[in-house]
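Per the numbering used here, the very first residue in the sequence shown carries number 3; after that it's consecutive.
What follows is a set of notes on a single structure, which appears directly below.
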Amino acid sequence: MAWDFETDPEFAEKLEWIDRFVTEKVEPLSYIGLHPADVKNPRYEKLIRPLQAEVKAQKLWACHLGPELGGQGYGQVKLGLMNEILGRTMFAPSVFGCQAPDTGNAEIIAHFGTEEQKKEYLGPLLNNEMVSGFSMSEPQGGSDPTLFITSAVADGDEWVINGEKWFTTNAKWSEFLIVMAVTDPDAPTYQRMSMFIVPTDTPGVEIVRNVGVYGSPRGSEGYVRYTNVRVPKDHLLGERGGAFIISQTRLGGGRVHHAMRTVGSCRRALDLMCRRAVSRKTRDGVIADKQAVQMQIADSYIELEQFRLFVLKTAWMIDKYKDYKKVRKDIAAIKSQMPKVYHDIAARALHVHGALGVSNEMPFAGQVIGAFVMGIADGPTEVHKVTVARQHLRAYRDVQDPDFPAYSLPQLKEAALELYGDPVEAVHEMADQEA
Ligand SMILES: Cc1cc2nc3c(=O)[nH]c(=O)nc-3n(C[C@H](O)[C@H](O)[C@H](O)COP(=O)(O)OP(=O)(O)OC[C@H]3O[C@@H](n4cnc5c(N)ncnc54)[C@H](O)[C@@H]3O)c2cc1C
């Protein structure tokens, strides 16, 4: 009977090591002015590489991957427990070799790439020696990929790419970008687009500007223009017309990993809220003694535990089925729940800290924006809720109830009487027998 909420003692020890290591050595990295994608910076070499070596020595490097790709093959549940710790701080994924968007890009090159593509890009990517971008969203719309117009036209031995992409994370540090472009405009909707590997130094690739998420000191979201960008034919990634399938493979895992890390961010907010509540005084005691504050702590704890269990259950299902498609409903559900839980807990933590809470000396305003990011990046919440509903309704498609359905009271009574006879008579019969 496998219905267990305990962590294996051996892995619990690993988690303890991760917790200590992240607290002591990784969290301080957020305050030294280095960006996790700036891998060519000499300070990155000096500061981050030794930490990555420690992680590798602990056999905790790239745990999202199977052993064939240099990972540990721990599966999603263990990864979920790890990510709860890594989600506390922005540098941790890079130190542990599981940073987005490189993880997703590596995943699709591993799945769909040719041997040459794997040789050139996969190894360095998995080793965090190079950074990559995923260039899909366009300025005129990101939620609906059928609106994308960036094109790739075959010309001799090359593809010629033209168009604009928006919010290509880490474009300015990337050595290559995976670009989604229309190759077959007349094909059925979901076979119109293909993926390409485009080295960033190819003539015609231009970063128009680097946009920052509000509150971040620098921009890392590239607005990228592609003007007559020529790449050899063998830079097509996967099948021609296969971009939708490839992007779903990529985004499925990424969404779960975001949710796992969000558990960590929520925990941090709740932890700080509790520390403040027991420390901050009023004339008649600390604010933790006020019921209104207690309600906020209780709600946050309840919402976090519900969300965490849902995330871990989804991770467990991915391990069980080894097929993201079978878990699509629950991945979409946790993706939809994530921004709300994160927003509500971070907002309460901010509020309980008063003026300090809204200041730029605390993480909470950044977390609230982070919650909005979680509701937009990888597709907006509304779209994912539609997926949840559609998937859930599948089991009901054959139902055709009459206007007064079988579960209305008169029908239920009638059915019960048919099954058990007249209940009053039954009681009388029993009374006669007893007499
Ligand atoms: C921090 C961050 C990083 C990102 N990184 C990348 C990246 O690396 N690569 C990349 O390609 N993209 C990236 N994106 C872009 C992201 O994928 C898009 O922002 C997202 O798909 C939404 O597209 P949009 O911004 O154009 O919003 P829109 O499509 O304009 O949607 C705006 C709003 O309209 C509503 N809406 C839209 N469609 C529907 C619908 N069908 N039903 C109901 N309501 C709807 C929703 O409220 C939605 O929030 C990133 C975004 C962020 C915020």
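Each residue gets a CB set at the ideal place from its N, CA and C atoms; glycine is no exception.
As the structure is a computational prediction, the values presented were derived from the model and not from experiment.
Open item on the list: Let me confirm a value: P95 is counted as buried when at least 16 other C-beta atoms fall within 10 Å, else exposed. Which label applies?
Closed with: With 16 or more other Cβ atoms within 10 Å, it is buried.
Check for me: the alpha helix (DSSP H) holding N85 runs from which residue to which?
Going by DSSP, N85 is part of the alpha helix (DSSP H) stretching over Q78 to L88.
Worksheet entry | Y344 beta carbon less than 7 angstroms from that of M319 | Not in contact: M319 and Y344 (Cβ atoms no closer than 7 angstroms).
Starting from L179, follow the beta strand (DSSP E) in both directions and report where the run begins and ends.
Per DSSP, L179 is one residue of the beta strand (DSSP E) stretching across F178 to V184.
**OP:** Would you please state the rounded distance, in angstroms, between the beta carbons of Y228 and I163? I believe it to be under 8 angstroms.
**Re:** Right, the Cβ-Cβ distance comes to about 5 angstroms (below 8 angstroms), so this counts as a contact.
If you measure from the CB of M195, is any heavy atom of ligand 1 nearer than 6 angstroms? Incorrect: M195 has no Cβ contact closer than 6 angstroms to ligand 1.
Report task. Take I248 and list the residues in its own chain whose beta-carbon comes closer than 6 angstroms to its own, dropping the five residues that flank it on each side. Result -> Close CB contacts of I248 within its chain, under the 6 angstroms cut and outside five residues either way in sequence, are with I110, F114, M197 and G240 (chain order).
Checklist entry - What residues in its chain sit with their C-beta under 6 angstroms from that of E208, if we drop five residues either side in the sequence? => result Cβ neighbours of E208 beyond the five flanking positions: R227.
| field | Cutoff 7 angstroms; reference E305; Cβ partners in own chain excluding five residues on either side | value | Beyond the five residues adjoining it in sequence on each side, E305 comes within less than 7 angstroms, by CB distance, of V343, D346 and I347 in the same chain, given in chain order.
Exercise. Just the Cα atoms here: how many angstroms apart are V215 and R330?
Worked result: When rounded, the distance between both Cα atoms is 28 angstroms.
Next item on the list: Please specify which runs of the beta strand (DSSP E), each continuous and at least 3 residues long, are wholly inside the region 168-223, giving them in chain order.
Entry: Taking only runs of at least 3 residues, the beta strand (DSSP E) segments lying wholly in the region 168-223 are 178-184, 195-201 and 207-213.
For W175 versus V233, is the C-beta spacing smaller than 7 angstroms?
At least 7 angstroms separates the beta-carbon of W175 from that of V233.
For this session: Assign F136 to one of three DSSP states: helix, strand, or coil.
Result: DSSP, read as helix, strand or coil, puts F136 in strand.
When you compare the CB positions of I2 and A261, do they come within less than 7 angstroms of one another, or not?
Because the chain spans 3 through 437 in this model, residue 2 falls outside it and cannot be assessed.
According to DSSP, is D157 helix, strand or coil?
The answer is strand: DSSP assigns D157 an E or B state.
Give me whichever residues DSSP pairs with L239 in a beta bridge.
Answer is M197, bridged to L239.
TODO: With DSSP collapsed to three states, give me the class of K337.
DONE: The answer is helix: DSSP assigns K337 an H, G or I state.
Assuming G99 and Q54 are in contact, meaning their beta carbons sit under 8 angstroms apart, how far apart are those beta carbons, in whole angstroms? Confirmed, about 7 angstroms.
So, do the region 26-40 and the region 58-75 have three or more beta carbon pairs nearer to each other than 8 angstroms? Touching, no.
Just grab the DSSP bridge partners of T284 for me. Bridge partners of T284: G287.
query: What's the call for A39, buried or exposed, on a 16-neighbour Cβ count within 10 Å?
result: Counting the other Cβ atoms within 10 Å of the Cβ of A39 gives 16 or more, which makes it buried.
| said: With three or more beta-carbon pairs closer than 8 angstroms as the criterion, would you say the region 371-388 touches the region 405-420? | reply: A contact is defined here as three or more CB-CB pairs under 8 angstroms, and the region 371-388 fails this definition with respect to the region 405-420.
Would you mind sorting I180 into buried or exposed? The rule is 16 or more other CB atoms within 10 Å of its CB.
-> Its Cβ being crowded by 16 or more others within 10 Å, I180 is buried.
*asked:* Between the alpha carbons of G135 and N172, how many angstroms are there, rounded?
replied: Looking at the two C-alpha atoms, the distance is approximately 6 angstroms.
> Just checking my contact of T204 with V231 at CB under 8 angstroms: how many whole Å lie between their CB atoms?
Replying inline: A Cβ-Cβ separation of about 5 angstroms places T204 in contact with V231 under the 8 angstroms criterion.
query: Residue range of the alpha helix (DSSP H) that K48 falls in?
result: Per DSSP, K48 belongs to the alpha helix (DSSP H) from P44 to A59.
Quiz item: If we ignore side chains and look at the alpha-carbon of each, how far apart do Q78 and K120 end up?
Solution: Rounded to the nearest whole angstrom, the C-alpha separation of Q78 and K120 is 24 angstroms.
Legend entry - Q339, buried or exposed, once every other Cβ within 10 Å from all chains shown has been counted against 16: Buried.
I'd like to check one pair, A294 with Q369: are the Cβ atoms closer than 7 angstroms?
For Q369 and A294, no; Cβs fall outside 7 angstroms.
*Could you pull out every residue in the same chain whose Cβ sits closer than 7 angstroms to the Cβ of F13, ignoring the five residues on either side in sequence?*
Cβ neighbours of F13 within its own chain (closer than 7 angstroms, five residues either side excluded): K80.
**Prompt:** Under a three-way DSSP split, which group does F28 fall into?
**Reply:** Per the sequence shown, the amino acid found at residue 28 is Val instead of Phe. Taken through DSSP and simplified to helix, strand or coil, V28 comes out as helix.
Alpha-carbon spacing of H353 relative to Y192, whole angstroms:
Cα-Cα distance, rounded: 45 angstroms.
For the candidate residues T389, D405 and D380, whose alpha-carbon lies nearest to that of S139? For S139, the closest C-alpha among the options T389, D405 and D380 is that of D380.
Among residues of its own chain, excluding the 5 on either side of A317, which ones have a beta-carbon nearer than 6 angstroms to its beta-carbon? Closer than 6 angstroms at the Cβ level, and outside the excluded window around A317, lie Q78, V79 and G82.
Exercise. In whole angstroms, what separates the C-alpha of F93 from that of I371?
Worked result: Each residue's Cα considered, the two are about 18 angstroms apart.
Notebook entry, point to check: Hey, quick one: how far does the alpha helix (DSSP H) through Q308 stretch, first residue to last?
Noted result: Note, Q308: alpha helix (DSSP H), Q293 to Y323.
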